[in-house]
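Residue numbers (the working numbering): 836 to 1307.
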C-alpha cells in the first residue's frame, strides 16, 4: 500500500478505500481510491493508542503493483533482458564469499500443532509474524519419509544429462511448465544460478474464449519418463499434504486478523491454483551451455536467485541444509534463514495477501545466495547443488482479489520507516489485474517472452506491460 507524501498521516484513519468499477470481461487494473464519503467501505482504521503509519511509498520488485490509499499506484517495470551463461569468459580460481547477512532480525518459529491445540495463541503468533516480518518457519506434520523421498527424487532428476532433462523443456509448454536449464530465468536484473522443474495444478485447457487469459494457464505437467513415475508420485503425495497445511494456514490468517476463519476461503473455493518448483541452485559446469564453466561476472557467481517478492498468496518452502536463503525485513539488511530440518517449512506472505489486507500483512523481499560450500566445490570442479522445493498456494485462476474490511481493534505494530527503504524494488509500468489468473498469466508472459511469443502469438504486451490482442 502507498500514499502520497502530501497526505498527512493523521488523516489516514478517516480515509476510505474502494475498488474501481470492473466490467465483466474487462482486464483493467485495480485502482484503490481514497474517499472521505461515509458510504464508501472502510478498509481499516488505526487506534489512537498506536503510531499511525506515515504517508510513505512502498514498492516491490515483482510484477504486482502497489495501489495507494490515495489513488496513486506503483507499477512494476518490464523485466530486464535475460543474460545467458557465457561460453568464453575466463575466471580466476579465487572463491568469493556470498553476500553476507547483516541483520539481527529473528525469524519467528511456529508449530502447526498449536493451531489445532490452541488456535487463539497460534493466531496471535501468526499475526505478528505476517505483520512484522512476512516470514516465519513452521513445524509441519507431513510424514518425513515423504519429504526425504521428494528430495531424493529431485536430486536424481537434476543429476540426469542435460539432453534428457530438455525432453520436457519449459519452452514446449503453452501453460509454462517443464524443465528450465541453468541460466534461463533472471530475477532482479541478472541471470539466476538455478535450474528448475515447474509444476502446477493440472487441468486441461477448457476454454476457447480468447479473452480468458487466465484459462491459458490450465494445462498438463511434463514428467520425466525414465524413473518409473517415482518423481510424479512423490510430488503428487507432497502436494496433497502441502495443500492441506496451506488450507489450515489460510484459515488461521483469517482469525489472525480478528476475522472469521473463512475470510480468505472464497478466493480458493473450487480449484486453488497451486504451483511448485523443484529447484537446484549451483554453479555451471562443463555440461552447461556448450561447455561454459563460469558465469559472466562475480556478482552472478554469488547469487542463486535475485531479490524479489512472491506474487501469490502464501509460500511454503522446503530447503536442504546448504543454506543461502536470506530475507530483508528492514529495507536494506539481510537475515539468513537457517535450515531447521526436513520437518520445518519456511513460510512467507505473497503480494495477493498483502494487497487483500491493505498492507497489514507483508510480502517481504528475499533472495538466495550461493552458499560458500558450493562455491568451494565449484572451484575444485565438483558439481554440488542446493535443493529446495517451494510450494505456492494461490487463489483459483478466476478469483477476484478484493480488499478486506479489517476491524478497528486490529493494531498496527510495524515501523514504516523500514518500508520506505524498499523503494529500490520499485518498478514502473505493471499494474495488478483484478482477476488473479490474468495477473499470473501476465507475469509469466513478461518473465518468459520466448514461451509467450511461441504459444500466444495472438497476444502482446504493450509498453506499460499490459496484455492486449494483436491487431490484424
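We put the CB at the ideal spot given by N, CA and C, even for glycine.
| Asked | Found |
| --- | --- |
| Closest Cα partner of residue 1155 within the set 1174, 1146, 1088 | 1174 |
| DSSP three-state assignment for residue 1050, whether helix, strand or coil | helix |
| Distance CB(residue 974)-CB(residue 1179) smaller than 7 Å | yes |
| Rounded C-alpha distance that separates residue 1274 from residue 1109 | 15 Å |
| Local conformation of residue 1310 per DSSP, three classes | Here the chain covers residues 836 to 1307 and nothing more, so residue 1310 does not appear. |
| Residue 967 versus residue 1049: straight-line alpha-carbon distance, rounded | 32 Å |
| Residue burial classification, residue 1304 (beta-carbon count within 10 angstroms, cutoff 16) | exposed |
| Short Cβ contact (7 Å threshold) for residue 1316 with residue 1017 | There is no way to answer for residue 1316, as the model of the chain reaches only from 836 to 1307. |
| Closest residue to residue 1002 among 1070, 987, 1060, 1119 (Cα-Cα distance) | 1060 |
| Sequence-distant residues of the same chain with beta carbon closer than 6 Å to residue 1163, five excluded per side | 1169, 1200 |
| Buried versus exposed, by CB contacts within 10 Å (16 or more), residue 1064 | exposed |
| Minimum length 4: unbroken alpha helix (DSSP H) runs contained in the stretch 1158–1241 | 1186–1191, 1207–1214 |
| Per-residue DSSP class, three states only, for residue 994 | coil |
| Proximal residues to residue 1145 (C-beta, below 6 Å), its chain only, five neighbours per side dropped | 1185 |
| Cα-Cα separation, residue 1244 to residue 1082 | 25 Å |
| Nearest-angstrom Cα separation, counted from residue 1287 out to residue 1106 | 24 Å |
| Straight-line gap, residue 1004 to residue 963 (C-alpha atoms, nearest Å) | 41 Å |
| Helix, strand or coil at residue 1140 [DSSP, three-state] | strand |
| Spatially closest choice to residue 1117 from 1140, 1100, 1095, 1102, by CA coordinates | 1140 |
| Span of the alpha helix (DSSP H), counted from its first residue to its last, around residue 1276 | 1271–1282 |
| Bounding residues of the alpha helix (DSSP H) (the contiguous stretch that carries residue 963) | 954–963 |
| Residue 1030 - DSSP class collapsed to helix/strand/coil | strand |
| Integer Cβ distance of residue 1321 from residue 1285, believed to fall under 8 Å | In this structure the chain extends from 836 to 1307, so residue 1321 is not present and cannot be described. |
| Residue 1246 in three-state terms, based on DSSP | coil |
| For residue 1301, three-class secondary structure by DSSP | coil |
| Rounded straight-line distance, which links the Cα of residue 1207 to that of residue 1269 | 42 Å |
| DSSP three-state assignment for residue 1000, whether helix, strand or coil | helix |
| Residue 956 classed as buried or exposed, judged by whether at least 16 other C-beta atoms fall within 10 angstroms | exposed |
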